[in-house]
Amino acid sequence: MLGHFALQAGLKVQSGTGAEVVWVSHTGLRVAGLGLILRSQTLIAATFIAMWAFQTVWLADLAGLIATGTAPLGMVGYLQDADAWTRIGTSYHGYLLPVLGVVVWRWRVYDRAAWPMAIAFFITLTLLSRLLLDPVANVNSAFHLHFGETPLQGFGWVNDLPPPLYLPTLNALVAVFLQWPAAIVLRGWAEMGPGAQTDRCELGRAGVKPLPHIG
880 MLGHFALQAG LKVQSGTGAE VVWVSHTGLR VAGLGLILRS QTLIAATFIA
930 MWAFQTVWLA DLAGLIATGT APLGMVGYLQ DADAWTRIGT SYHGYLLPVL
980 GVVVWRWRVY DRAAWPMAIA FFITLTLLSR LLLDPVANVN SAFHLHFGET
1030 PLQGFGWVND LPPPLYLPTL NALVAVFLQW PAAIVLRGWA EMGPGAQTDR
1080 CELGRAGVKP LPHIG
């Protein structure tokens, strides 16, 4: 995963779009790789919570592109004319969420720090995007809320908020509607895991677990 992130970052820099490595998906790839190396349940769970919704929507848009020849959500349309290297660089979208899902299912533990860590992760990325990056790129929706290439229907009121209120509102919406459901799922899986009857409140306290065997 870290190698794939390095490849993606190199491709972005070469194409003059290096700032895009701050996207939550690209950064999540790096954090997930680090979590696997450290065998950190907390990092893996936090990455899963932070990314599952974005990755799911990306994969759904890709499925639409394959089935109809058009990206219905406007997120992956760039792949139609992309060169081989771009497609290789972005291919991690196809395996990242399934790998994270398998790992968290096999562990079936829940570290209470995972959701706050996911919240802090996205807050940090949106702040960096807002303060340092071009508004035209709108990385991580730091300047206006959109869905793929178009504004998100029904949330125009968010885009009408004054700048001091926009980012806190964006992060609150992501934390409650996108991240919280994943945290609930992970906690439910933990309650089905080994030792749940006696240790469920203590599981994952250290945040480090042996890697499960996959395959």
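Numbering (our numbering), first residue to last: 880 to 1094.
The beta-carbon is built from N, C-alpha and C at its ideal position, and this holds for glycine as well.
Since the model is a prediction, treat every value here as computed from it, not as a measurement.
Check your understanding: Can the beta-carbon of residue 1016 be found less than 8 Å from the beta-carbon of residue 898?
Key -> yes
Point to revise | Sequence-distant residues of the same chain with beta carbon closer than 6 Å to residue 980, five excluded per side | key: If we look at residue 980 and ignore the five residues flanking it on each side, it has no Cβ neighbours.
Check your understanding: Looking at the unbroken alpha helix (DSSP H) that takes in residue 1055, where does it start and where does it end?
Key -> Looking at the DSSP string, residue 1055 is not in any alpha helix (DSSP H), and its letter there is neither H nor E.
Check your understanding: When the distance is taken between beta carbons, is residue 1036 closer than 8 Å to residue 839?
Key -> The structure shown does not extend to residue 839, since the chain is modelled only from 880 through 1094, so no value can be given for it.
Exercise for review: Less than 8 Å between the CB atoms is what I'm expecting for residue 926 and residue 910, so what's the real figure, rounded?
Suggested key: 5 Å
Review point. Which residue's Cα is closest to the Cα of residue 1005: 885, 887 and 1053?
Key: 1053
Review point. To the nearest angstrom, how far is it from the Cα of residue 904 to the Cα of residue 1018?
Key: 11 Å
Review point. Are the Cβ atoms of residue 972 and residue 938 separated by less than 8 Å?
Key: yes
Practice item. With DSSP collapsed to three states, give me the class of residue 1041. Key: coil
Review point. How many Å lie between residue 1078 and residue 996 at the Cα?
Key: Bear in mind that a pLDDT of 38 at residue 1078, under 50, signals an unreliable position, so the model cannot answer this.
Check your understanding: To the nearest whole angstrom, what separates the beta carbons of residue 887 and residue 968, a pair I think is in contact under 8 Å?
Key -> Between the beta-carbon of residue 887 and that of residue 968 there is about 4 Å, and that keeps the pair under the 8 Å contact cut.
Practice item. Note the first and the last residue of the continuous alpha helix (DSSP H) segment covering residue 1109. Key: Residue 1109 cannot be examined here, being either before or after the span of the chain that is shown, 880 to 1094.
Exercise for review: Quick one: which unbroken alpha helix (DSSP H) runs of 4-plus residues sit fully inside the region 919-980? Chain order, please.
Suggested key: 920-947 and 963-969
**Study point:** Beta-carbon gap between residue 1061 and residue 988 smaller than 8 Å
**Key:** no
Exercise for review: Could you have a look at residue 895 and say whether DSSP puts it in helix, strand or coil?
Suggested key: For residue 895, the secondary structure class from DSSP, reduced to helix, strand or coil, is coil.
Check your understanding: How close, in whole Å, do the beta carbons of residue 1058 and residue 998 come, if the pair is a contact with beta carbons under 8 Å?
Key -> 7 Å
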